[in-house]
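Take a look at the structure set out below.
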Amino acid sequence: MNTLTTIDELAFAPPVQQEVLEDTTSDHALLEATRTGDEDAFAELVSRYRNQITSYIYRMTSDYDSAVDLAQETFVRVYRARDRYQRSYAFSTYIYRIATNLAISELRKRKRRKLVSLTGFFQSSDGAEPQELNPPDCRPLQDSELVDAERRHAVQRAIGTLPEKYRAPLILRDVDGRSYDEIARILETSEGTVKSRISRARGFLREKMRAYL
Amino acid sequence: MRETKCETVRRELEELMLSEDCSMSATQHLRECGDCREFHQKQTKLRQIVGSLGVVEAPADFDFRLRARLANESSGAGFHLRNMQWSFATKGFAAATMILLFIGGVVYLRTLVHQPETLELAQRQTPEPPQSGPRPVERNVVVPDHATVVASDNGPRRSKGVERPVTSKRASLVAVDLGSERPPVISDSQRHSPIFPIDASLQSLRFSFDDGRGNARTISVPTITFGSQRVLPANNQFAQKRDDIW
Chain A
-10 MNTLTTIDEL AFAPPVQQEV LEDTTSDHAL LEATRTGDED AFAELVSRYR
40 NQITSYIYRM TSDYDSAVDL AQETFVRVYR ARDRYQRSYA FSTYIYRIAT
90 NLAISELRKR KRRKLVSLTG FFQSSDGAEP QELNPPDCRP LQDSELVDAE
140 RRHAVQRAIG TLPEKYRAPL ILRDVDGRSY DEIARILETS EGTVKSRISR
190 ARGFLREKMR AYL
Chain B
100 MRETKCETVR RELEELMLSE DCSMSATQHL RECGDCREFH QKQTKLRQIV
150 GSLGVVEAPA DFDFRLRARL ANESSGAGFH LRNMQWSFAT KGFAAATMIL
200 LFIGGVVYLR TLVHQPETLE LAQRQTPEPP QSGPRPVERN VVVPDHATVV
250 ASDNGPRRSK GVERPVTSKR ASLVAVDLGS ERPPVISDSQ RHSPIFPIDA
300 SLQSLRFSFD DGRGNARTIS VPTITFGSQR VLPANNQFAQ KRDDIW
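Quick note, the sequences are listed as chains A and B, same order.
Quick note on the numbering used here: the first sequence kicks off at -10 and runs consecutively.
Quick note on the numbering used here: the second sequence kicks off at 100 and runs consecutively.
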C-alpha cells in the first residue's frame, strides 16, 4: 500500500509532477507557440498577465466589470493579432499598450455619455475636470486595517479624477512599478514627458489627499 | 541658489523608486532643508498609499469567459462574413430592382409622352377623287400588334400616290384629319383583305359567338359618339363580316 501515514512521510514525499509550462519560457516564445496553434501557450500568457491587466484597467476606469471586459478584449486582440506581432519590444509593453488604448477609449466614451460617479462631484466653473466630493472622515477609526482600507479607497477615487494623460503614467509607475523607459514606450511618448506627467499627477494627488498625508 | 538646489533634489526624489536610496548630496540637502524634508515625507507617504493599492485579481472564470469569447469570435467570423455577403447580396438586389424600376418607368413615360409622335401611319394611300363635302375629324382605332396599317394622307410631306407599308409593333390610336380631305375609297379586294382600313360609316358593332354546338349568339353594340367625333366606328375590323367566316 503506497499511502502516506505520517506527517514525516508527507514532508518528505516526492513533489507531484505537473505538466506545466516553465516560467522561464519567454513571452515571445509563448506567443510564437500560440501562432502555431498551441492553445496552452496562449493560456499561459493569459495566466501571466490577466491580473496585471485587469488591475491596471481597473485603476484606470474605477469600474471592475468594465475592467474585466476590457482585459478580455485586450487578450482577444492579442490573440487576433498574433500573426502580426513583432518582437521589437517586450510583450508586456505590447499588451499594456493595448490595454491603455482600450481604457482611454472607455474613458472617452464615458465622457461623451456624460457618465459621472454616483458619489457626486463638483464641477468647477472653468470647465476643468469634475472634482469628486470626497470629504475626509476625520473621526478616529479603531482598526488600522479599516484606516488603510479607507485610505486606499480615497486614493483610488482621487486617481479616478485625474485627467487620463496623468492617470496612466502614474498608475504604471507608482502602482505597477514600471520604469520610465517602459512607460514611455507603452504610452508612445518621450521619457521626459512621462516624468513631467507623473510629477504633475503626484502634485494633483497631494492636493486631493492632503487630509490623509 | 538654494531654490535651484531644492528643485534639483526634489526632481531626483521624484524619479527614484521607493526602494532606491537618494544620492549623498540629496541626503545632505534633506538634512539641511526643512521644506524639502517635509516634501520628501509627504511624497513618500503618498507613493506608499498609491503603491498599497496592489493588484486586483481577475475573476475566477476569466479564462473560461475568454475561451468562450474567442470561440465566439472564431465562429462569429464566418457568420459575420456570411452576414456581410448576405448584406451585399440584399443591397445589390435592391439596387438592381431600383435600377430596373427606374428604367422601366423612364421607358413607360417616354412611351406615353412620345406616343403621338412615334406613331406613324403605315402607309398613305393615294387619294381618290373627292366625294361629297368635307367630313369631320375622325379618330380611328388602328389594328393591334404587328399589323400593317394602310391609310391615306394628303399632307404636304407625303407625295401623292406613294404607298408605304409600315409595320407597327404596338396597338395604337391614329388621328387622321379627314375634314378637308377626300375620304379613302376602299376597293372590294382591300375590304376583304386581312388588313382592313377602318371605315367611318355608321353601323353598329356586332359580335357573333359560336359555342361549338351550333348555337350562335350575336351581340350588337350601337355606335358610340361624342359630339361630332365617333370614337368607335361601326365598320371596323372587329365588326367585319366576311362570308367565308360567318
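All C-beta atoms, glycine included, are put in the ideal place defined by N, C-alpha and C.
All of these numbers come straight from a predicted model, not from anything done at the bench.
By Cβ distance, which residues of its chain are closer than 6 Å to residue i, with the 5 residues on each side in sequence left out?
{"i": "Arg189(A)", "result": "Tyr155"}
{"i": "Pro158(A)", "result": "Ile172, Val183, Arg186 and Ile187"}
{"i": "Ala30(A)", "result": "Leu19, Ala22 and Thr23"}
{"i": "Asp115(A)", "result": "At Asp115(A) the pLDDT is 46, less than 50, meaning the model places this residue with poor confidence and gives no usable figure here."}
{"i": "Ser133(A)", "result": "none"}
{"i": "Arg316(B)", "result": "Phe308"}
{"i": "Ala125(B)", "result": "Val108 and Glu111"}
Figure out for me which residue from the options has the closest Cα to the Cα of residue i.
{"i": "Met116(B)", "options": "Asn314(B), Arg146(B) and Val212(B)", "result": "Arg146(B)"}
{"i": "His139(B)", "options": "Asp120(B), Ser319(B) and Pro321(B)", "result": "Asp120(B)"}
{"i": "Arg66(A)", "options": "Val136(A), Leu135(A) and Ile87(A)", "result": "Ile87(A)"}
{"i": "Met49(A)", "options": "Asp170(A), Arg140(A), Arg146(A) and Ala79(A)", "result": "Arg146(A)"}
{"i": "Ala159(B)", "options": "Val35(A), Glu180(A), Ile46(A) and Arg101(A)", "result": "Val35(A)"}
{"i": "Pro321(B)", "options": "Gly311(B), Asn314(B) and Arg305(B)", "result": "Arg305(B)"}
{"i": "Glu114(B)", "options": "Thr178(A), Asp170(A) and Ala32(A)", "result": "Asp170(A)"}
{"i": "Val57(A)", "options": "Thr178(A), Lys98(A), Asp163(A) and Ala92(A)", "result": "Ala92(A)"}
{"i": "Arg76(A)", "options": "Ser15(A), Gly149(A), Glu196(A) and Glu177(A)", "result": "Ser15(A)"}
{"i": "Ile73(B)", "options": "Arg71(A), Ala79(A), Asp163(A) and Glu33(A)", "result": "Examination of residue 73(B) is not possible in this model, given that chain B is present from 100 through 345 alone."}
{"i": "Gly149(A)", "options": "Lys100(A), Ser179(A) and Arg71(A)", "result": "Lys100(A)"}
{"i": "Arg140(A)", "options": "Ala315(B), Phe192(B) and Gly150(B)", "result": "Gly150(B)"}
{"i": "Asp72(A)", "options": "Gly166(A), Gly26(A) and Glu177(A)", "result": "Gly26(A)"}
{"i": "Ser168(A)", "options": "Ala79(A), Glu95(A) and Asp52(A)", "result": "Ala79(A)"}
{"i": "Gly166(A)", "options": "Glu137(B), Leu152(B), Lys141(B) and Ala125(B)", "result": "Leu152(B)"}
{"i": "Arg168(B)", "options": "Ser51(A), Tyr74(A), Arg69(A) and Asp52(A)", "result": "Arg69(A)"}
Give the range of the beta strand (DSSP E) segment to which residue i is assigned.
{"i": "Asp309(B)", "result": "Leu304 to Asp309"}
Leaving out the 5 sequence neighbours to the left and right, which residues in its chain are closer than 7 Å to residue i when beta-carbon positions are compared?
{"i": "His128(B)", "result": "Lys104, Val108 and Cys135"}
{"i": "Cys132(B)", "result": "Cys105"}
{"i": "Val9(A)", "result": "Only weak support is given to the placement of Val9(A): the predicted model assigns it a pLDDT of 44, under 50, and the question is left unresolved by the model."}
{"i": "Ile175(A)", "result": "Thr82, Tyr85, Arg86, Thr89 and Leu161"}
{"i": "Ser118(B)", "result": "none"}
{"i": "Ser55(A)", "result": "Glu95"}
{"i": "Glu62(A)", "result": "Leu91"}
Could you pull the DSSP bridge partners for residue i from this structure?
{"i": "Val320(B)", "result": "Leu304(B)"}
{"i": "Ala315(B)", "result": "Asp309(B)"}
Would you give the residue range spanned by the alpha helix (DSSP H) that residue i belongs to?
{"i": "Glu137(B)", "result": "Gly133 to Gly150"}
{"i": "Thr63(A)", "result": "Tyr53 to Arg69"}
{"i": "Ala135(A)", "result": "Looking at the sequence provided, one finds Leu at residue 135(A) rather than Ala. Where Leu135(A) is concerned, the enclosing alpha helix (DSSP H) stretches over Ser133 to Gly149."}
{"i": "Ala157(B)", "result": "No alpha helix (DSSP H) holds Ala157(B); DSSP gives it neither H nor E."}
{"i": "Tyr78(A)", "result": "It is not in any alpha helix (DSSP H) - Tyr78(A) carries neither H nor E in the DSSP assignment."}
{"i": "Ala200(A)", "result": "Here Ala200(A) belongs to no alpha helix (DSSP H), and DSSP marks it neither H nor E."}
{"i": "Met49(A)", "result": "Glu28 to Thr50"}
{"i": "Arg24(A)", "result": "Asp16 to Arg24"}
{"i": "Arg167(A)", "result": "Per DSSP, Arg167(A) belongs to no alpha helix (DSSP H) and is neither H nor E."}
{"i": "Arg156(A)", "result": "Glu153 to Leu159"}
Could you pull out every residue in the same chain whose Cβ sits closer than 8 Å to the Cβ of residue i, ignoring the five residues on either side in sequence?
{"i": "Ala60(A)", "result": "Arg39, Ile42, Thr43, Ile46 and Ala88"}
{"i": "Val144(A)", "result": "Leu194, Met198 and Tyr201"}
What do you reckon, is the C-beta of residue i under 7 Å from a heavy atom of the ligand SAH?
{"i": "Glu113(B)", "result": "With respect to the ligand SAH, the structure shown offers nothing to examine, as it has no ligands at all."}
Members of the segment 23 to 36 of chain A that neighbour chain B once the beta carbon cut-off is set at 8 Å
Result list: Ala32, Val35 and Ser36.
Pull out every residue of the segment 123 to 155 of chain B whose Cβ sits closer than 8 Å to any Cβ of chain A, in chain order.
Answer in chain order: Lys141, Gln142, Lys144, Leu145, Arg146, Ile148, Val149, Gly150, Ser151, Leu152, Gly153, Val154 and Val155.
Proximal residues, the segment 161 to 176 of chain A versus chain B, C-beta separation under 8 Å:
Look at the segment 161 to 176 of chain A: the residues with a C-beta under 8 Å from a C-beta of chain B are Asp163, Val164, Gly166 and Tyr169.
By the 8 Å beta-carbon criterion, what residues does the segment 181 to 192 of chain A contribute toward chain B?
Cβ contacts with chain B come from Lys184, Ile187, Ser188 and Arg191.
Give, in chain order, every residue of the segment 159 to 172 of chain B whose Cβ lies closer than 9 Å to some Cβ of chain A.
Those would be Phe161, Asp162, Arg164, Leu165, Arg166, Arg168, Leu169 and Glu172, in chain order.
Residues in the segment 52 to 71 of chain A having any Cβ partner in chain B nearer than 8 Å
Per Cβ criterion, the list reads Tyr53, Ala56, Val57, Ala60, Gln61, Phe64, Val65, Tyr68 and Arg69.
Closer than 8 Å between beta carbons: that is the criterion. Which residues of the segment 139 to 152 of chain A meet it against chain B?
For the segment 139 to 152 of chain A, the set of positions with a beta-carbon nearer than 8 Å to some beta-carbon of chain B reads Arg140, Arg141, Val144, Gln145 and Ile148 in chain order.
For the segment 73 to 107 of chain A, which residues have a CB atom closer than 8 Å to at least one CB atom of chain B, in sequence order?
Flagged: no residues at all.
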